[in-house]
Structure formats: C-alpha cells, structure tokens
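Residue numbers (the working numbering): 24 to 1279. These notes are about the structure you will find just below.
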Amino acid sequence: PPTSANADSGKPDGSLCTPQTIDLGDDTSKSTVDSGVATYVGGNMYVGANAGNYSELNKNQGPDKSYAVEAEGLTLVNGKLAINSAKQSWSSRGFRFGVVGFGGQYRPKSGSDVLVVGGNSTLTMKDNNYNGVQDVSALGGWVNGSTARGFVNVDTESQYYKAKIKGNSSIAINNLNGQNYSRSVYDAGKSAEDTGNVTYNDSVSLGSVSVNGETKDYSKFLTENVQGVSSKLLKVKATGTVTAGTASAGTYSRYHYRYGVPGYGENTKYDFNFVEGAPDANQQKEKLITFTGTQNPSLEVFDVNASMLDSEGYSGISFAFTNISDTASVVINVEGQNPITFNNGWRFWWNGQEISNGYVTTDVNGAVTKEMRDSYSKAAQKIMWNFAETPKLTIKGGQALNGDYHKRGYPTDSTKILTSRDDPAAAMLGSIMVLNGSFESHVTTNGRVYVGGDFSMYNPNNIGVDMGEGATSSVIDMDQERHNLPWNGQLTSSCSAIQWSKVDADGKVLGGTTWSVYGKEDNAVTAATPLTTITDNGWNDGDEDDGKFSLAGLAPNATYYIKETSTGSYDYELNENIYQINTGNEDTSSATVTAVYSKQGNEVTDASVKLLMNGKIVNKKRGASLEWSKVDSDDTDTRLAGSMWNLTKYTDEERADVESGWPKSIHDTTVAVTGVSIVGSDGAAYTDGQDLGNKAVNNVFTLSATVTPSGAPSGVVWTSSNDYYATVDAGSGIVTPKSNSGNDYVTITACSTSNAGVCSSVKFKVTGATAAKVTVSPSAATVVEGKTTQLTATVNPQQNVTWSSNNELVAKVGQNGLVTGVSAGTATITASTADGASASAEITVTSAQKYLILYFDSNNQGKWYANDVQVHYRLNSGTWTDQKMTQMSGSCGQYAYARIPMDKISVDSQFGFQHLDGSDWYGPGNANVPKSDGNFKFTSGTTLPENVTISAGPSYSTTAPNGCAVSASTRSAKSAKAVRKAAKTATQASGTSRAANAAQDELKDEDTDPGAFRISNLADGYYVLKETGEPNGFDVGGEYKITIKNGQATWDPAKAGNKLPNTRKTGMVTWNKVDKTDGTKLLDGSEWKLTRTKSFSWVSGKASYTDANNELATIKDCVDSSATQCAASANAYADIDGEAGRFKLQGLAWGEYQLVETKAPDGYDLDSTPHTFRIGPAEGSDVTGEWYTSSGFNANATGVYDANTAFTVDGGSITNTPGVVLPGTGGEGLNKMYTAGFLAVAIAAAGLALSLRRRQ
C-alpha cells in the first residue's frame, strides 16, 4: 500500500498559503520579519515633487514640499534622494525610513539596511557645504532644516537600522547653522551626529545590501525581478471581468487609526454623505470599479483599460473585489501608454464587505471589526496593480468636501466642517508596479511599490487646521505613509516556496515542462484536486531560467507532491514519479526532494529508478527513432515493399552477446491509417469535434486514442490549441486545464504518426467555480439622452446582483437597475452576482439634441488652467448662463471642453471664460476673432459650427484639437489604445503515443508507406539490423551495425538518406534446337541473335517498358559438354549448356528480349521466326503485384510472383526442317568436300598450263 510520507515527517498536508494577518498598528516592538524589498525606485525618489523639472537641486531651487512622513521596510533608490518634508512628526525630526509609527510593522531584522541610495542619476544636487560645489546623492532641508530631512531610528537600544548613501556626506539646506544632526539623512537615535548607522561612501551600491544578516545583490532587481514579473503578468489572460458604475449612496465615516484609544487621535473621524445622483454642496459621488473573480484558487487576473481609471465627474474612484478565493493572488493589468491620473476614493469592498476602515486598531461599534481588519490586511497582500505601460502614474488623494469633522478628547473637544481635495488617508490597497514610468503618489500605499522611474510622495497642501502633530494634509490627521506588506504572488511573500530543476540524463537543462502540485500523496497518485499547476516560465514560476521552477504562495512547514504532466517535447519520456518536497518556515524556499514515489504511490528506494541527478529531476530520452527505406540499387528513389528484418540489441560494442528479449522482427507495414478516435478515461469513444463541456482548472484527466483499420500503426501525436488554457502531454495524452478560458474553447487533437492528415479532436472550456444563472430583461433597449429605462435581473438560485455599465459616458445604471441615458452611443449594462455569474443588456442611447463642442486650450494661457475654467454664454432668451468646462485626460490634458446645446444658442450668441469661482474674465480683446460687444461669438457666419477652439492669443478655430475630439457619443478625448502584449505561447512539440507491440518479439513499423520503415523509442545501445526477407525480385540485402548514443543513431555502413539498396535478380532463358521430323533429335551448330527490344524502368513506383533495339550478342551452341568452359566465353551472353542443341543464357536484366536464329544446323533450313520474352514485374505493377512468366516465349503471360517462373523462361523446343544442300549452305562436311574438289581441279589446270608453256 502507498506509504504516508507526511505521517513520517510529522508535517501537515500542503496547501496554498492564505496571506498572514499583519495587523496595521503602532506597536513598533511587535514586528514581522521581512526579507524582501518594500520600495524600489529605479530613478530618483522625492519626498515632495520636482515640479519645476530641475536638472540641478541646490539651496536656491528644490522640490516642492510634502506632508508625507514615513516609509516602512527596505527602500532602495537607484538614483538620488531629495527630501522636503513639512510634517512635524517625531518632534520635527523629519521623514522616517525603516520603522513607522503606524503600519504593518513588517520590516527586516534589527541591524539591517532600510535605506540604500545608489546615486545613479543625471540629476545634480549641491548641498550647503563646500560652497555649493560638491555633488551629493541625498539632500534635504529646503522648507525646514530639521523636518525636511530623512532619518533612521528613534531609540537604538532595542532595535536599530542603517542607511547607506553613495558619495559625499550631505549637509541639509537650512540646517540650523550646522548644529548636531546636520546631515540630510541621519541617525536620530543618537544624541549627536553619528556615522555608525548612516554612512556616506563612494563604495555604496545596490549590489551590496545587508538584510537579516545576509549581503544581497539588488543591482539588477529592476531587470531581473520587477521587469520579469511585470511583463510576465501582463501576458496572462484575464480570468475575471471588470465593470464600472456609481458607488452606492449612504452616510459613511472614516476613522483615525487610534479611534477609541485614549490620547492622540481619540474619536477623530470624518463623516461623508455619498449619493448616486448629482451631489449637493455637502455630498459626494464616487465611481465604483468592480472586479469579479472566478474563485480560481491560484490567480485572478483582470485587464483594465486606463480610460476606466478616469475619475472625471466623480470625487474619486472606489474599488470592489468579489468572488475572490481565499488563496488566490490578484493581478490588475492596467493597459494604456498615456499618463494616468485619478483621485482615489474612500471606500473599498472585499467579497461583499466594505473594509476601508480595516486599519483602525480597535473595534468601533460594528463599524470596525476584527474580521474587517483581517480582510484589509489580506486584500492588501493579495492585490498587485501592474501599471506596465504608462509613462506616469499619478494617484491623487481622496476628496473630502464639506463633511463633518469630529475630534473629542485631545487636546480639546471640537466639531467642524473641513475640506480636502487631496487627502492621503484615502489609501490604496495592494502592491504597485510602474515598470516603465514614474509614480507620483498622493495617498498612503499598502503593499510593495516598485517603480522603474522616479517616485514622488507628494502632498503639498495642508487643510488649514493644526492637529496632533501640527499642520496636516488629511481631515483625519493621517498623512501619507508607505506601509510595507508582502504580495502573496511571486514577489517576496510571507508564505513559503519550493524549488526544483529539470534535466536530462546528461544533466542538460530541459525547459517547457508542466507540473501539477498536490498537498496529499493520495491526490498525486489519483491526479485528484491539485493545488495548482505550473509551467516552466509561466505566470507562477518565480525562476526565469529554463528548467528551473520556483513556486511560492505555499503554506509553511507542510508536505507537497509534484508530478509532471507534460514534457513539452516528444524527445523525452514523461517522468511518472511523484516527488515530495517539504516547505520550511515563512519566507524560505525549499529545494530538497525528501522522497520519491512511483505512480502507484509506493516509495522508490532504487536510486536508478528515482530519476534524480544531484537533486535535479531527470527526464529520460524517449529513445531514438530509426528510419530507413528499402530501395532498388538501380533506382534509389524507388522504394520496395515487402521486406522483413530482424533488429538485435547487444550488450557490448563488439556485438558478441545478445541482450535478453532480442532480436525482434520487423515487417513492412503497408496498411494505412484511415481513422483516429479519441477515448475518454471511462472508455467512452468520442466523435470528432465532440464538446466535452466544462473542465475545472487543475482537474487533470487522460485521453487515449485508437486507430483504424486493425493492423495499422497505432501511434498518435497529442496537441493543444492553447497551452495557456490547457496543456496535453504529447506522448501520454494527459490533459492539464490551467486557466479559465471564458467563452473560448480548448481543442485537443490526436493525429496519426504515420499519416498526419488523419486526426480527431475534442473540445472543452476551462472554468473556475460554477456560477449562478443570471438573466436580464429586456436584453436590449433604446433610451433618449436624459431619460431612463428599467432593467430587471433574475437570479437562480436567488441572490443579490451588482449593476454596472461598461461605458458611463453613454449610460449609467443605479443599483435598482434603472438606466439613465447620458449621451448618444451604445453601452452594455451588466448584472453580476458575488460568485461571478452575470448577464447583460445592450442599451442604445439616442441624442436628444445637437451640441456645439467648445474647447479651451490652456497652453501658454498664464493663470488660466484647464481644471479651473467655465464658459459664460448668452442664451437665445437673452439671459446669460455658466457651464463648467471639463478637463480632458492624458495627452489631451491641456484642453477643457463644454457641450453647448445648439437649440439654446444662435449665431449671435456671445461668450467668454471665467474661473470656476466666477472670478476674472477672458475675452477676445483686440484679437481678430469672431466677437461682439467685447465678447467672443461662436461664429461670424450664418451657421453654427460643430466645434470652436479658443487658444492662446487668443486665436479662434472651428476645428477640434488634433487627437482630442469629443463626439456626440463620448465626453472623453480619443486616445490611442495600448497594444496588448502577445501571450507567450508555449510550443507543443510533436509526439507519439504508441500501443504495445503486437508481440514481444515484434517491433511495429510506424511508417505505412511501402518500403519505408520507422521504429521509435529505441534506447541507447548497440544494434544490428539484418534483412531476413527480401522484396520480390531482389536478392537479400546485407546487415547494418547501428550504434545509438544520446538518442543519435550512427549506421555502419552508412547510406545516404538511410536508403538501403537491394540488387535485382537476373533472368535465365533456355531452349532446345530439334529436328522437326524427330522432336527428340537435338541439332547442334545453330547460331542466334539476342536483342533487347524493350528496356525496364520504374515510373512512380510502377514497372514501365519502353521500346529499344539493342543487339546484345550472337549466341553459338556450346558443345564442349562443360558449362564452366562455356561460361568462360568472352561473350557476356554465352550459352552455358554444354550439350549440343541445348541453350541456356543467364544474367538477363529486366526487360523484353528477342531471339532470332541466324544460322541453321547443317542440312536444315533456317528458321528466322522471332521468339520474344520478358523478365520483370508486369507493366504497371510493383514488386508485390504480377510478374511476367513468358512460358513458351509468350511475352504477355503473367502470374503471381514466383522466383522460379519470374526469372526462368522455358522456351521449349524450336524445330528446323531438313533441306537441299547448296554451296554455301548445308553442313560442314559438304563444304569440305567441295573445297577438296576445287583444289584438285585447280592443281590439274596449273599443271596443264605449265606443259603448254614448255612446248612453246
């Protein structure tokens, strides 16, 4: 039975880490140790703001002041640090680093660095020392020589922290004549200037930072940590939905963090009155952006266009998060390449509960509870705001407009009305990354803050009332602070992490694998309910290197079991072992495999089976694939079907000893795959394209495949249409759903390895938690601007809904479903439940009237600003009216605009501009523009234009500002939409899932092309491939030594393209020459002409015979009774039958031949009849088809291949007729007799001639 590893270890089952509750408070003696970076600034850091864009800061010019007070934890500034703090906290000591009076108390151990300034900046800063010549990396003191500085420590007896600044020691501007504590950053825990804990030195760098007793290198923190995480998260597809609407109405109080605690801050609060309609003087209206999750236990991702973060028309933006799992990390990817500016709101909802007072340290009559405090801390640790594209982020403070301020008990009782338009107490929850821009924060931030550019903590204005520590920018006396809390995603977390690496058998790093992580061994065995899945370099892999994994967000001191579900490449076998890794304490990462289990759950003790190499998990090579083809040696492009082979594996290179289980036979498979069917784990066969419904995230399941017909190669390749949503292992068919696919389908396809065009597929959607069913009626409606229409939501099962509009510039919706048309266009109104179910209606708003769009360009207009201007114009009735102009956002921020109803004005109407309080007047003056009576006119013509733009001069134009036009369907400037970064698509390599071999002694040929062979998954070793059955018509081939090493095969002898040739068999023809009158009488002495009349060749693998006329030889009858002697003839085609009258020719290549008698036996008539025969495959056939037999010289005779009949032509007996003997004809005996007679006559004639001569 499976062993219980966690029982042995005494550790609990693993689980995803729920963020620890780090209560916000002011007890600095109770802290949680942080090993990470709280604040990273890639550029310069300002306590204040370099509003003048100065390239040099000195005693005459510095940053604007700020009432910001503290930064908790470790702050790293790659550039320079300028401090101009005005707050009188800590007895006017200045701006504090490391420990905060109120915060998470989450910081490094005592003795660690809490501020390191690298000085890497083009900004020049000159202090009061050395006549203002010496450049420094940290400088303060402008507004006040004491408060406008930075310090560490108050009491160094119980704990102390250190600061390090690059370069020269810096004396603060206005430093009170150089008295003690004169430096810009100093140790306030000492009674006099001390250099032990605050050092200025040229050797200071971010490459050497002391944290918790360790020296860490943060010189590449931006590029290797922040940039990697930010860009990686930006590519993750959204899981949830985002909607915008108006926050609910009601009275609301915000409390000082010490509310109810005697002393400072006791009973300090501020009362708000929020409305959904147009607010009165003492009312406010907030925008609400709602993030609805899917209960994904690992990660919720939301995409937000920057235009949604436009607080125009609202006092601020509040946020609501619903349906978020207790273990999930939350990422908000903010898309948009323009600057982003908005006022933060005062309220924050988390899973249905409003928690914005969750920082208050004690319960307040139900308005503040421990549950709220826990949720506040949890939400701040879960959320990551990823502003990856904007060049500048500005988060302004909350607006407190004429609300009631209460303060009793310290130092005096008071109740009054206070106003703040930039209150830092409207805090942001969650970590913030601004990768490619700067961040100007006017609010307290809770989490990590990582900025690629400059970081400014900027609250320049106080509210005009002194409180516990003098002037303040907050109506509840809570000025801006950096509260340090971890993000429980992949940046440093209060949870634990595990690490592992993937290599091959040679230690080579292997990237691209996917794993499931389980908290229980039994779950790993059955592949049930994994905690999460992780893909190499996926969103939750904290290690950027290929083949290395770091999974954070796990509960400390627990057991975890990891199991590979996809190799990412068919080159490697899936490792089916289960590996146990135990987490350690918080903020630690464990990389030790403590135990290994088989897929059945049994502990593995055999080191060779553990598949570990120096602690790294090993994937075996899947084995080499041997591929070769059987070809005709005379035409190596023609494959030959039907050969058979033996493959033998040996234990040694000399190939002396055969390995057990070998040899194995191989047959040429020529049965082609015609179909693939996918089969579920329950054995059910699916139709091609079948919809499997919904598959839950992390619900791993296995598919298999069958092929038709029987006997065809069974291998298939598994692929996924989208590896982000779900992966499939190429070889095993294991499917791992990874991320909610929304309405998108994932298609899993199995294709035959022998015919990639034969495939089958199934599809499904990946889901999170199942949601309720919501319907909205009517599903579509039309409404006129300014009018309303009612929508109704029905939820099954019954629960409440939240209404929202995707475009409030077109239509707004109240929480009762009542929709109000705002301007012409189309909007989607959505009703959402807390668990993520939703339904929508499309609302079309039609224009009630036409508008003239009036633009005011504030550029070069002195005191006339786009955010403080109204148009004062005369109506047709003769009366004058005021209309506030709306400042545009982003790159159009220099413009303000107003939409003026055309039916209320005429071509004679006049106008001018005022400040919002009605002061001053901006008219045409002497400018050459349309005007009358000292006022502007909309036109000098007879028709009102659609657009009027007034710019500096003043100048007049009827053209809207380029790129900033406002239409009838929108009230915001057009802006370029940021290009979304493409999702990193992991490429799934091809692979094969082969069934077991048909028999143990047979290897299945996976290539169904005739004459082509492929044998897969052969381990390294020494082999011999030997042909045991040759193709029809060919001699048997040789044998080949094959050595496989590291998956690569070497052949000996090597053939180009692994084309293994066979030699064609040659033919033989026999015939007899006999007497026609006596068929048993063999006649010697005949001669014959052998001619090839057709040549053989292959055409597309089929036999072809083309005309030829090649006289090959004259065949003479061999009568030496010695075949050896006959064959020794110099003639290539010689009769090798030594018996007179019998003929045998051999070595005949494939083709058509003709025999014709050229000389008859003596005493016989010549027979010139041609005798034709063929040797080779029948015309149009291949080696497996019909062959010529040519019996009796019948060239058209064919039959099933038989080596005897195909290559031995029996011509039978050819007869000659006895005939009259004539000179020059007949046999040799007669010719001799004629010759002798002729010689006798010749001699007699010669003698007679001689006798006559003598007589003369």
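Just so it is clear, CB atoms sit at the ideal spot from N, CA and C, and this is done for glycine as well.
Local conformation of residue i per DSSP, three classes
i        : result
Asp-675  : coil
Leu-245  : helix
Leu-554  : coil
Lys-927  : helix
Val-632  : helix
Trp-523  : strand
Asn-1081 : helix
Val-751  : strand
Gly-1052 : strand
Gly-1230 : At residue 1230 the sequence reads Phe, which differs from the Gly that was named. Phe-1230 falls in the helix class under three-state DSSP.
Gln-360  : coil
Phe-125  : coil
Val-836  : strand
Asn-459  : coil
Gln-306  : coil
Gln-503  : coil
Leu-452  : strand
Thr-549  : helix
Gln-250  : helix
Gln-404  : helix
Exposed unless 16 or more other CB atoms sit within 10 angstroms - verdict on residue i
i        : result
Ala-1009 : Here the model assigns Ala-1009 a pLDDT of 25, short of 50, so the residue's position is not dependable, and the following value carries that caveat. Buried, by the Cβ-count rule.
Lys-788  : buried
Ala-1155 : exposed
Gly-1080 : exposed
Glu-247  : exposed
Gly-591  : buried
Leu-1026 : buried
Asn-356  : buried
Pro-285  : exposed
Thr-1282 : Because the chain is modelled from 24 through 1279, residue 1282 falls outside the range shown and cannot be assessed.
Asp-150  : buried
Asn-220  : buried
Gly-37   : buried
Check whether residue i and residue j have beta carbons under 8 Å apart
i        : j        : result
Ile-601  : Leu-574  : no
Lys-439  : Thr-364  : no
Lys-1099 : Asn-1239 : yes
Thr-1221 : Thr-1181 : no
Thr-266  : Ser-855  : yes
Gly-696  : Ser-775  : According to the sequence as given, residue 696 is Val; it is not Gly. Yes, these two residues count as a Cβ contact at 8 Å.
Glu-1050 : Trp-668  : yes
Ala-186  : Val-232  : no
Ala-261  : Val-324  : yes
Val-65   : Lys-132  : Note on identity: in this sequence residue 65 is Gly, with Val being the wrong assignment. No, they are not a contact pair.
Whole-Å CB distance - residue i paired with residue j, under 8 Å assumed
i        : j       : result
Val-1280 : Asp-446 : Residue coverage of the chain in this structure runs from 24 to 1279, which leaves residue 1280 outside it and unanswerable.
Glu-609  : Tyr-584 : With 8 Å as the limit, Glu-609 and Tyr-584 do not qualify as a contact, their Cβ atoms being about 21 Å apart.
Arg-645  : Gly-754 : 7 Å
Asp-87   : Ala-105 : With 8 Å as the limit, Asp-87 and Ala-105 do not qualify as a contact, their Cβ atoms being about 10 Å apart.
Gly-96   : Asn-766 : Contact doesn't hold; Cβ gap of about 42 Å is too wide.
Gly-368  : Ser-341 : 3 Å
Thr-536  : Ser-321 : 18 Å between Cβ atoms; not a contact.
Item to check | Uninterrupted alpha helix (DSSP H) stretches inside the region 1111 to 1143 (no shorter than 4 residues) | outcome: Under the rule that a run must span 4 or more residues, no alpha helix (DSSP H) segment is found entirely inside the region 1111 to 1143.
Item to check | Ordered list of alpha helix (DSSP H) runs contained in the region 892 to 961, each at least 4 residues | outcome: You should have found no qualifying run.
Checklist entry - Along the chain, which unbroken stretches of the beta strand (DSSP E) at least 3 residues long are found entirely within the region 348 to 396? => result Note on the region 348 to 396: whole beta strand (DSSP E) runs with a minimum of 3 residues are 352 to 358 and 363 to 373, in chain order.
Checklist entry - Considering only residues of the region 554 to 595, which uninterrupted beta strand (DSSP E) runs meet the minimum length of 3 residues and lie entirely inside it, listed in chain order? => result Restricted to the region 554 to 595, the beta strand (DSSP E) segments that are unbroken, complete and at least 3 residues in length are 555 to 558, 571 to 577 and 582 to 589, listed in chain order.
Checklist entry - What are the complete alpha helix (DSSP H) segments, minimum 4 residues, inside the region 1181 to 1229? => result Listed in chain order, nothing qualifies, since the region 1181 to 1229 has no complete alpha helix (DSSP H) run of 4 or more residues.
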